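First up is the structure itself, then whatever we jot down about it.
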Amino acid sequence: MGEFQNRIRVSVIVAALVAVALVTLVADRRSLRHGVRDLPGWAGGLLDLAVPVQKMVAVPVDVLRDGWRHYLSLVDVHEENEVLRHELQDLRDDNLQLREALVASGRLERIAKMRESYEIPMLSAELVGVDVSPWFRSMLLDKGRRHGVRSGMPVISERGLAGLVTATAEAASRSMLLLDRQSAVDGTVQRSRARGLVRGLGGDLLEFAFVARGSDVRQGDVVISSGLDGVYPKGLLIGQIREVPAAESRLLVRAVLEPAVDFGRLEQVFVMLHRGPAMDLIFQHEGASQAAGEAP
Amino acid sequence: MRRVVALAAFAALLAMVQGVAAAYLPLGWCPDLGLLLVVGMGLCWRSTAGGVLVALLGGYAADLLSGTLLGQHALVRVVAYALARLFSAQIDLRSALPQMIWVALLAVTVAALLASTTTFFVPGAGFALPPLRALAVHALATGLAAPLVTGLTARLVTLLGSEEEARRQLHFEPRSFRT
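Residue numbers (my numbering), protein chains in the order written: chain A, 46 to 341; chain B, 844 to 1022.
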C-alpha cells in the first residue's frame, strides 16, 4: 500500500511540475512579440549574474589559448610579415586606382552621402558565452539595457551581420545568431540584385531561398541584407553562395550560403544602437498598448 | 530544502560553465551537463519532490541562457528526471557502460523533445532535428561524460544532506567496465 501511495505521489508531483513548465511556456510565448523581449527583473538578474561568472570561468581557458596562439604566431612571424607587406603595397595601389576611378565617375560623393545616411551609433560588446543547447544558436553579450542595448537591435562583427538582440537584462543581453533555425533575413545578391530569404539551418551554414524564375544566382555570389525586412539595415554582408542546386521544375530554390562571420571564432561584436522600422513599430505599439492598459 | 537550493544553484552554475565550454568547442562537442545532473539525481536521490524541483529550476536557468522559450528546457528536464527514475527501476544504470548508452539515447530524445516543443509553440518553425553529425557527436560526448558527472552528483547529494541522511543514502558509485 505504501509503495502504491508513493508511486501515486511521485506521478502527481511530476505531472504538477510538467504543468508548471507548460504554463510558463505558454505564458512566455504570449509575452514574446516577434521573438524579442526585454526580460523582467528576476529573469534578467540571472542573465546579469551569468556575465561575471562566465567571464571568470573563461579566464584560465583564454590564458591557455592565447599563450598557444602567440607561440604559434611567433613561429612564422618573419615570413608572414614579408608576405603581408607585399599584400599591403598591392592593396594600396589598387585602392588608389579605384578611388581615382570613383572620383572620376562622381560616385564617391554619392557613396559618402549614402554612408552618412546609414551612420548608426554602435556599441562594442564582448561575447561571454553561447547557447547552453547546441540546437539553438544564440550568444550572451556583456552589454545590456544600462548601455543602451534594446531587443530588436542588429548585431554585427567586423566581417558582417551576426544576429539580432532577442532579450535584454540590465547588464547583459542575449542575441540570436543568423545560424539559428528561427533566424530569417531578407537578402539580396550583390551582383544580380536577386532577392531571397536567408535562413539559419542550426549548423554552421545558411540557406538562401529564392524564386527560381528570373533569379540569377551563381556559386560565389555575395549576399547582403536588402533592408526590406525592416529589421536589418541595407547593405550588411551576410555571406557567399557556396552551392546552387539545379532549379529543375521547382518554384523555390534553396542555395547553400556560407556566412561571412566565422561564428566559431567570434569574440567581439558591435550592437547597432538603432532598431529597424519594423522593430520600432512593434515596440512603439507595445508601449502604447501597455500605457493604455496601465491608465485608470 | 537546503539541498534543493544548493543543487538548483549548482545547476545554474553548470549551465553557465556549459555556455563558456560550448563557445570553445565545435558544435555538439560539449556534453549536456545540466541533463547529466538531472540523470544523476534521478539515479541516486530518493527524494522525488526535491529531484524534480531541482530539474525544473535548473531547466529554467538553462532557458534563460538559451534561445529557447522560458519553460522549454524546464519541461524537458522534468521529463528526463522522470525517465531516469523510471528506467533506473527497470534496468541497471549504475554500471558505466549501460549508463553511457542510455544517456546517449536520452540526449537524442531530449533533442527531439526540444525540436518538437519548438515546432508546437513557435509559429512558423517547422519540425527539424538538429544536424545529424552534431547530434551524434553530442549524444556521444554526453554519454561519455555521464559516469563522471552522475558520480559527482551522487557525492554532492550525499555531501549536502545531513549526517543521518548521508548514512541512509543509497551508496552510489558508477562501476568501471567489466572485462
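The beta carbon of each residue, even a glycine, is placed where N, CA and C say it ideally should be.
Computed from a predicted structure; not experimentally measured.
- Rounded to the nearest angstrom, the Cβ distance from V921 of chain B to V953 of chain B is 12 Å, too far for a contact under 8 Å.
- Close CB contacts of M844 of chain B within its chain, under the 8 Å cut and outside five residues either way in sequence, are absent.
- Shortest Cα-Cα distance from L876 of chain B to any of B:G885, B:M859, B:A892, B:W888 involves B:M859.
- Per the C-alpha coordinates, the member of B:A864, B:G893, B:L878, B:P869 positioned closest to L1003 of chain B is B:G893.
- Around K279 of chain A, the same chain offers S270, S271, G272 as residues with beta carbons nearer than 7 Å, after the five sequence neighbours per side are excluded.
- Counting only the Cα atoms, H916 of chain B lies some 13 Å from L879 of chain B.
- V177 of chain A has its alpha-carbon roughly 10 Å from the corresponding atom of A904 of chain B.
- Residues are counted here when their Cβ sits less than 9 Å from a Cβ of chain A; for the segment 920 to 935 of chain B these are R920, V921, V922, Y924, A925, R928, given in chain order.
- When DSSP states are grouped into helix, strand and coil, V194 of chain A belongs to the coil group.
- Cβ contact annotation for A257 of chain A (same chain, cutoff 8 Å, sequence separation greater than five): A292, R295, L296, L297, V298, in chain order.
- S220 of chain A counts as buried, since no fewer than 16 other beta carbons sit within 10 angstroms of its beta carbon.
- Contact with chain A is absent for T993 of chain B, since none of that chain's Cβ atoms lies less than 7 Å from the residue's Cβ.
- Taken in chain order, the members of the segment 225 to 248 of chain A whose beta-carbon sits within less than 8 Å of a beta-carbon on chain B are D225, R226, Q227, L246, G247, G248.
- Listed in chain order, the positions of the segment 889 to 913 of chain B with a beta carbon within less than 9 Å of a beta carbon of chain A are T891, A892, V895, L896, A898, L899, G902, Y903, A904, A905, D906, L907, L908, S909, G910, T911, L912, L913.
- Assignment of beta-bridge partners to S202 of chain A by DSSP yields A:G205.
- Counting of Cβ neighbours within 10 angstroms places H123 of chain A among the exposed residues, the total staying below 16.
- In the structure shown, A300 of chain A adopts extended strand secondary structure according to DSSP, grouped into three states.
- A contact between stretches requires three or more CB pairs, one per stretch, nearer than 8 Å, and the segment 168 to 175 of chain A meets this requirement with the segment 309 to 324 of chain A.
- In the DSSP assignment, D249 of chain A falls outside any alpha helix (DSSP H), carrying neither H nor E.
- Relative to the Cα of E288 of chain A, the nearest Cα in the group A:G275, A:V306, A:V268 belongs to A:V268.
- Look at M221 of chain A here: in three-state DSSP terms it is strand.
- Counting every other CB atom within 10 Å of its CB across the protein chains shown gives W113 of chain A a total below 16, marking it as exposed.
- For V68 of chain A, same chain residues with a beta-carbon under 8 Å away, outside a window of 5 residues either side, do not exist.
- Cβ-Cβ distances below 6 Å link P166 of chain A to L318 in the same chain, with the five nearest sequence neighbours on each side left out; the list follows chain order.
- Bridge pairing for R244 of chain A: A:A229, A:E252 [DSSP].
- L907 of chain B has its alpha-carbon roughly 7 Å from the corresponding atom of L92 of chain A.
- Nearest to P290 of chain A by alpha-carbon distance, out of A:L117, A:G309, A:V102, A:D261, is A:D261.
- According to the DSSP assignment, Q313 of chain A belongs to the beta strand (DSSP E) that extends over 313 to 317.
- Residues of chain B whose Cβ lies closer than 8 Å to the Cβ of A88 of chain A are, in chain order, L907, L913.
- L886 of chain B and L956 of chain B have their C-alpha atoms spaced approximately 21 Å apart.
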